[in-house]
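Peer 1:
In this note's numbering, the protein residues as written are 41 to 158.
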């Protein structure tokens with residue numbers, strides 16, 4: 041049973057890594073839809089680059105035991121910002137996604153590779 045739980049945990053971590061690395065790359069290369077979204081929210085172009093770097097580094101950091109907790113906290117802050125941004129702009133239809141990811145990253149940050157947290 042423990043090996044199944046470990047496998048499920050790693051599937052989730054790798055999935056989150058791939059999701060955030062790809063999302064961050066879209067921001068870094070200036071994908072038109074991503075750039076329009078950032079402009080629509082009133083953010084300057086440099087902010088898109090900062091968020092993109094945070095997502096790429098955070099996604100990769102989830103895979104490394106030494107950095108997983110910091111990566112999870114970084115991604116939680118990004119998801120908090122996304123949640124607040126969506127709420128301030130009245131986009132209640134998609135706010136659940138970053139909010140759930142925020143909670144997931146907070147849990148990962150609290151439990152990831154922490155032997156005392158079971």
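Glycine included, every Cβ here is placed at the ideal spot set by N, Cα and C.
Okay, do the stretch 54–66 and the stretch 88–107 touch, 3+ Cβ pairs below 8 Å being the bar?
Peer 2: Short answer: they touch.
Peer 1: Using the rule of at least 16 other Cβ atoms within 10 Å of the residue's Cβ for burial, across every protein chain shown, is residue 95 buried or exposed?
Peer 2: Label assigned to residue 95: buried.
Peer 1: Take residue 89 as the anchor and find which of 68, 107 and 73 has the nearest alpha-carbon.
Peer 2: Nearest C-alpha to residue 89: 68.
Peer 1: Which ranges would you report for the alpha helix (DSSP H) in the stretch 71–124 if only whole runs of at least 4 residues count?
Peer 2: Within the stretch 71–124, the complete alpha helix (DSSP H) runs of at least 4 residues are 72–80 and 85–101.
Peer 1: Kindly say whether residue 104, judged by its beta-carbon, lies nearer than 8 Å to any beta-carbon of chain B.
Peer 2: The structure shown has no chain B; it contains just one protein chain.
Peer 1: Can you tell me where the alpha helix (DSSP H) with residue 64 in it begins and where it stops?
Peer 2: Unbroken alpha helix (DSSP H) run through residue 64: 42–69.
Peer 1: What three-state label does DSSP hand residue 130 in the structure shown?
Peer 2: Here residue 130 sits in coil by DSSP.
Peer 1: Helix, strand or coil: which one does DSSP assign to residue 144?
Peer 2: Reduced to three states, the DSSP call for residue 144 is helix.
Peer 1: With distances taken from CA atoms, which of 132, 53, 92 and 81 is nearest residue 109?
Peer 2: Nearest of 132, 53, 92 and 81 to residue 109, Cα basis: 53.
Peer 1: With C-beta atoms as the reference, is residue 112 less than 8 Å away from residue 149?
Peer 2: It is a contact, given that the beta carbons lie within the stated cut-off.
Peer 1: Where does residue 114 land, buried or exposed, given buried means 16+ other C-beta within 10 angstroms?
Peer 2: With 16 or more Cβ atoms within 10 Å of its Cβ, residue 114 is classed as buried.
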